[in-house]
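Data block below; observations after.
Number of protein chains: 4
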Amino acid sequence: MTVTLQDFLTRLDREIRAEADWGEVARYIPELAGIAPDQFGIAVATADGGMAMAGDAEKGFSIQSISKVFTLASVLGRIGEQIWTRVGREPSGSRFDSIWQLETEDRPRNPFINAGALVVTDELLTGRSPQDALAEILGFVHTAAGDDDIHIDREVAQSEAATGHRNIALAHYLMSCGNLHNAPELVLGTYFHQCAIEMSCVQLALAGRAIAGLPGAPLVLSRARARRLNALMMLCGHYDGSGDFAFRVGLPGKSGVGGGILLIAPGRASIGIWSPGLNVFGNSHMGTRAAEALTRETGWSVFG
Amino acid sequence: MTVTLQDFLTRLDREIRAEADWGEVARYIPELAGIAPDQFGIAVATADGGMAMAGDAEKGFSIQSISKVFTLASVLGRIGEQIWTRVGREPSGSRFDSIWQLETEDRPRNPFINAGALVVTDELLTGRSPQDALAEILGFVHTAAGDDDIHIDREVAQSEAATGHRNIALAHYLMSCGNLHNAPELVLGTYFHQCAIEMSCVQLALAGRAIAGLPGAPLVLSRARARRLNALMMLCGHYDGSGDFAFRVGLPGKSGVGGGILLIAPGRASIGIWSPGLNVFGNSHMGTRAAEALTRETGWSVFG
Amino acid sequence: MTVTLQDFLTRLDREIRAEADWGEVARYIPELAGIAPDQFGIAVATADGGMAMAGDAEKGFSIQSISKVFTLASVLGRIGEQIWTRVGREPSGSRFDSIWQLETEDRPRNPFINAGALVVTDELLTGRSPQDALAEILGFVHTAAGDDDIHIDREVAQSEAATGHRNIALAHYLMSCGNLHNAPELVLGTYFHQCAIEMSCVQLALAGRAIAGLPGAPLVLSRARARRLNALMMLCGHYDGSGDFAFRVGLPGKSGVGGGILLIAPGRASIGIWSPGLNVFGNSHMGTRAAEALTRETGWSVFG
Amino acid sequence: MTVTLQDFLTRLDREIRAEADWGEVARYIPELAGIAPDQFGIAVATADGGMAMAGDAEKGFSIQSISKVFTLASVLGRIGEQIWTRVGREPSGSRFDSIWQLETEDRPRNPFINAGALVVTDELLTGRSPQDALAEILGFVHTAAGDDDIHIDREVAQSEAATGHRNIALAHYLMSCGNLHNAPELVLGTYFHQCAIEMSCVQLALAGRAIAGLPGAPLVLSRARARRLNALMMLCGHYDGSGDFAFRVGLPGKSGVGGGILLIAPGRASIGIWSPGLNVFGNSHMGTRAAEALTRETGWSVFG
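Residue numbers (this note's numbering), protein chains in the order written: chain A, 385 to 688; chain B, 385 to 688; chain C, 385 to 688; chain D, 385 to 688.
Below, the structure written as structure tokens:
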């Protein structure tokens with residue numbers, strides 16, 4: 385790039401704030417429905433150990449489905465690749481909360497749709513309480529980000545527990561198929577709490593360094609495992625908008641319905657983006673545009 | 385790598401030939417059904433202009449669905465991104481010859497499943513005859529590979545035309561939905577012939593150089609377009625086995641039912657692989673294993 | 385009834401002609417697209433050998449899918465119940481021209497959706513030419529109706545052959561599944577011609593007497609077989625509108641996209657109805673209302 | 385019939401007990417899993433006010449899904465035909481506990497699949513407690529059968545509440561779609577209790593007299609409503625085995641997973657059958673055979 389990364393982010397923030405269409409905030413989680421959509425933050429942790437940022441980069445938000453990456457990493461660290469007997473690794477071609485494939489297939493398509501994430505959380509509950517499972521996920525995040533202040537917003541968790549009927553349906557359906565080993569209530573309680581982890585863009589960028597394989601990142605997972613997580617994020621990280629995201633952005637990423645995106649430029653950078661207005665696929669509208677602008681400017685697309 | 389690429393390929397060829405399970409040859413195209421599954425070739429065109437190869441790297445085979453990449457590149461060159469109004473860019477989550485999604489969706493999910501490829505071929509037929517359309521596809525391949533000897537095996541094309549009832553069904557279904565603009569017979573004839581292009585691993589590796597963005601590659605498509613083709617190949621290039629291929633190999637690729645794989649390491653190499661025995665997804669069994677071994681050895685995975 | 389059947393039909397015809405909404409004529413068969421929707425005829429053959437009628441009861445129309453009943457009866461007469469190894473007997477829950485279930489199930493759901501009807505016609509072609517198969521179907525109709533003047537409208541058949549891409553897709557898909565034994569072109573040609581049989585309401589009512597089990601009806605099928613045909617018509621005769629038809633009318637019936645309905649009151653009457661405007665399910669809009677009024681007046685519903 | 389109905393039932397009972405294959409008892413409700421499959425009872429209430437019976441006709445069993453008929457009748461009596469805005473009247477083409485159609489359609493296909501029955505029960509809960517709703521259903525049954533001893537087996541209800549994850553999933557999914565108005569826990573509690581009503585074949589036959597329109601039956605529903613209930617039972621009463629049941633038996637009926645069948649011969653008889661071994665569709669195996677033998681002997685098929 386001809387300008388510094390920091391200069392680019394500052395300009396990007398200014399340009400985005402001049403936009404009119406920010407998408408719509410998710411309505412189905414009451415605690416999130418009241419958030420103003422026209423907010424934006426970005427933070428980029430680079431291979432040289434630096435951190436560039438702009439906008440609301442230090443403001444906390446609900447990471448929601450981005451937590452699926454951290455939970456999966458925890459489970460892979462604990463039981464390794466045998467998790468793939470319970471969940472697939474293929475794009476589902478369906479919405480994030482889709483249930484119909486469970487009726488004809490023996491396992492959820494991938495760990496990033498809700499059905500698959502519930503199975504991963506269920507696996508983490510094997511032989512431990514929800515409190516211990518959540519402590520393990522938070523511990524992974526604390527170590528990965530190097531920040532013990534990251535915590536769960538219990539009001540968001542309770543808000544979702546009271547209204548998350550689609551997820552409750554998924555958990556009981558999985559139970560009826562024999563692909564849930566713990567009581568659905570325990571799995572759902574753990575899942576709603578992991579989704580309610582609150583992080584800022586800066587914290588997210590820091591937590592992603594190991595997945596990006598940046599020098600000096602905390603040793604929370606092996607390079608081979610990071611590589612596989614990136615493959616999964618590229619193929620399945622944005623649900624049935626994953627193809628569009630790959631086409632436009634060209635980097636692995638995982639979105640959350642709170643408007644966050646964890647974006648990985650392998651070997652180069654770990655990026656946290658947040659803007660709560662969503663597009664039709666349930667991914668951050670302005671966050672996706674920012675990711676696209678960033679890779680255009682930096683040439684970080686893995687596709688050349 | 386600690387050994388030279390050529391040494392590695394030679395060793396890989398030897399190791400693969402010691403294997404027992406080569407998968408099964410596709411039975412539904414009579415001309416291909418008689419081919420021995422236990423054949424293997426690989427060719428790697430590198431950024432320095434070199435070419436390493438091993439096994440049956442110069443033996444011709446039917447590229448089949450790999451032709452979809454070349455046809456799409458031709459169409460993009462002609463009409464640009466407006467092709468996306470007629471075909472999507474998302475993984476389908478279904479088999480390569482699946483028809484059910486056409487019943488509820490307005491366009492095929494992506495240009496690499498058969499339904500989508502038929503639409504792309506139909507687009508190329510706008511205002512020109514099947515002969516001219518095939519000449520355009522072949523011309524693209526000739527220029528990209530720098531080899532005018534590449535040709536169509538008409539016996540394979542006729543074999544498929546006589547037995548390809550699934551594809552005939554897809555074309556007429558698309559026609560009934562208004563997403564085919566030319567007579568199904570013309571589209572199918574063109575499609576069966578483009579699939580019957582015969583190439584060797586070496587020719588395939590040469591033809592992929594522009595997509596890999598290798599220095600000195602023929603100027604058949606822009607870097608931005610190559611990047612997007614790679615994104616499409618990564619997300620959709622191996623049908624409902626794309627997630628598994630990305631997870632294991634970590635490079636964009638496109639498979640053909642003839643056992644070929646065009647594999648792209650952006651900025652680094654263009655690779656042609658061939659082994660006619662297939663796995664359950666209809667992708668080359670041993671070819672996938674070779675691709676996996678190659679990226680493990682070279683560290684070329686785009687995922688770090 | 386307190387009035388005679390003839391008086392009721394005369395009044396019904398008058399009331400229907402005062403209506404404003406006649407539905408829409410099918411657009412996808414060019415020869416049928418030009419027909420005025422606001423036409424209506426009804427004919428009722430009763431157990432006492434009488435015939436009451438009103439409106440355009442003697443005007444010929446294209447029976448289309450009603451022909452599926454006669455073809456099935458012919459096949460049952462020839463090979464008996466073994467046809468059920470190739471086609472099911474359950475409502476499909478989908479549109480008449482639906483294809484998606486063929487992707488996961490081994491046979492069409494029932495003989496009255498298009499996919500199932502193609503299989504039945506294919507069975508009739510076993511060991512005979514399309515000409516002979518059509519002669520057999522026509523022969524059945526001639527005997528059943530006692531009228532050798534019933535014939536095929538070849539212009540309608542050719543119109544449909546040129547534009548029936550959905551049916552062409554179905555035939556080739558069935559072929560690819562191994563559930564078509566003759567060339568798709570032959571099966572389709574026969575099918576389009578059987579659908580193009582032209583009959584009037586009176587001829588239809590006469591042809592249905594054996595299915596209704598009326599005294600003195602020509603012996604074209606056994607009582608047990610007639611009973612089973614009625615069960616199939618009740619469950620599947622109006623595609624995904626069969627439940628609504630049973631709920632409102634309470635009699636077995638088979639509709640055609642030309643606007644005809646063959647309605648059976650077992651032991652009591654055989655009824656031919658025609659009005660070319662269709663409802664959302666592709667069944668005659670005013671014909672369904674007339675059937676409903678008829679059973680309300682006569683108390684002929686089989687449901688009490 | 386050349387023999388009396390009673391003689392026929394006695395002979396039928398003897399013949400059935402000589403059979404070897406009784407099907408399998410449903411395993412997913414623990415309280416029902418222990419029941420011996422080789423039991424059989426039948427009771428026929430006729431238009432002359434008589435009652436013939438054989439086998440275990442006075443032994444109580446869990447009516448399970450047969451309760452859906454009584455609940456629907458209660459709701460129709462309360463709010464009339466407006467229930468059809470919340471549930472359809474078409475065969476679903478899917479299993480009794482299927483969920484996938486809820487993902488693309490706005491209401492369950494019919495009131496006899498589990499999803500539809502939950503909506504009907506939810507409607508009955510409008511403005512009243514589960515206790516009052518259950519009292520209303522039981523009241524309907526008591527009046528219809530003329531027997532106040534009919535009661536709910538609370539152990540079966542609790543057994544199902546603890547293990548009915550598929551139904552719990554359906555209720556929460558409906559809630560997430562806005563098609564459940566009361567708390568899923570209340571709807572499920574009511575539903576599991578209505579399914580746990582215990583009745584004998586004799587009680588069932590008595591309770592069905594009004595639906596059959598028998599002279600002297602208690603006035604629990606109008607003739608028009610009875611007619612429509614029969615249509616629904618004929619089209620949807622045996623789930624995705626309804627077509628086969630209509631084809632073989634030719635009468636409206638509703639099955640329960642406890643092995644019971646309520647069979648209606650409009651104007652002629654109301655029949656209760658019980659045999660707990662099930663066929664692949666989840667309907668009583670020997671009960672279906674008995675129904676088939678009964679209509680063959682009596683000629684009561686509505687199809688002639």
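C-beta: ideal position from N, C-alpha, C; glycine also.
Residues of the stretch 614-633 of chain D whose Cβ lies closer than 8 angstroms to any Cβ of chain C, in chain order: Asn-614, Ala-615, Leu-616, Met-618, Leu-619, Cys-620, Asp-624, Gly-625, Ser-626, Gly-627, Asp-628, Ala-630, Phe-631.
Restricting attention to D:Arg-593, D:Gly-425, D:Ala-553, the CA atom closest to the CA of Met-437 of chain D is found in D:Gly-425. For Ser-478 of chain C, the secondary structure class from DSSP, reduced to helix, strand or coil, is coil.
What Ala-610 of chain A touches in chain B, judged by beta-carbon distance under 9 angstroms, is Phe-687, Gly-688, going in chain order. In the three-state scheme derived from DSSP, where H, G and I count as helix and E and B as strand, Gly-573 of chain D is classed as helix. At least 8 angstroms separates the CB of Ala-591 of chain A from every CB of chain B. Apart from the 5 residues on each side of it in sequence, Val-459 of chain D sits with its Cβ closer than 8 angstroms to the Cβ of Ile-467, Val-504, Glu-507, Leu-508 in its chain, given in chain order.
Taking C-alpha positions only, Glu-489 of chain C is separated from Ile-645 of chain C by approximately 29 angstroms. Nearest neighbour of Pro-602 of chain C by Cα position, chosen from C:Leu-590, C:Arg-612, C:Arg-611, turns out to be C:Leu-590.
For His-535 of chain D, DSSP records a beta bridge to D:Glu-582. Annotation: Cβ neighbours of Ser-482 of chain B in chain C (cutoff 8 angstroms, chain order): Glu-487. For Ala-528 of chain A, the three-state secondary structure derived from DSSP is helix. Counting other Cβ atoms within 10 Å of its Cβ, Ala-674 of chain A reaches 16 or more and is therefore classed as buried.
A residue is called buried once 16 or more other Cβ atoms fall within 10 Å of its Cβ, and Asp-533 of chain B, having fewer, is exposed.
If you look at Thr-510 of chain B, you'll find it isn't in any alpha helix (DSSP H); DSSP assigns it neither H nor E. DSSP, reduced to helix, strand and coil, places Phe-496 of chain D outside both helices and strands of the structure shown, so it counts as coil. For the pair Asp-531 of chain B and Gln-587 of chain B, the CB atoms are nearer than the 8 angstroms cut-off. Beta-bridge partners of Lys-452 of chain D (DSSP): none assigned. Taking 8 angstroms as the upper bound for CB-CB distance, Ile-595 of chain A and Ala-610 of chain A are in contact here, some 5 angstroms apart. Straight-line measurement puts the Cα of Ser-478 of chain B at about 25 angstroms from the Cα of Val-686 of chain B. Going by beta carbons, Val-409 of chain B and Leu-572 of chain B fall outside the 8 angstroms limit. C:Ala-630 is the residue among C:Ala-630, C:Gly-562, C:Ser-606, C:Gly-472 whose C-alpha sits nearest the C-alpha of Ala-649 of chain C. The Cβ of Arg-473 of chain C sits no closer than 8 angstroms to any Cβ of chain B.
Rounded to whole angstroms, the gap between the alpha carbons of Ala-541 of chain A and Trp-484 of chain D is 28 angstroms. For Lys-452 of chain C and Ser-449 of chain A, the gap between their C-alpha atoms comes out near 52 angstroms. Ranking B:Trp-406, B:Phe-392, B:Leu-558, B:Leu-393 by CA distance to the CA of Gly-666 of chain B puts B:Trp-406 first.
Out of D:Trp-658, D:Asn-498, D:Ser-654, D:Val-633, the CA that lies nearest to the CA of Gly-642 of chain D is found in D:Trp-658. Check the Cα spacing between Ser-584 of chain D and each of D:Gly-433, D:Lys-443, D:Asp-432, D:Ile-400: the tightest is with D:Lys-443.
Taking a contact as a CB-CB distance under 8 angstroms, the pair Gly-461 of chain D and Leu-558 of chain D does not count as one, their CB atoms being some 23 angstroms apart.
Secondary structure of Leu-662 of chain B (DSSP, three-state): strand.
Residue pairing by DSSP places Ser-446 of chain D opposite D:Glu-582 in a beta bridge. The Cβ atoms of Trp-684 of chain D and Arg-652 of chain D sit closer than 8 angstroms to each other.
Going by C-alpha positions, Thr-679 of chain C is about 38 angstroms away from Pro-660 of chain D. Apart from the 5 residues on each side of it in sequence, Gln-390 of chain B sits with its Cβ closer than 6 angstroms to the Cβ of Ala-436 in its chain, given in chain order. Taking 8 angstroms as the cut-off, the Cβ atoms of Met-617 of chain D and Gly-637 of chain D count as close. Residue-level contact check: Asn-494 of chain D touches chain C, since one or more beta carbons of chain C fall below 8 angstroms from its beta carbon.
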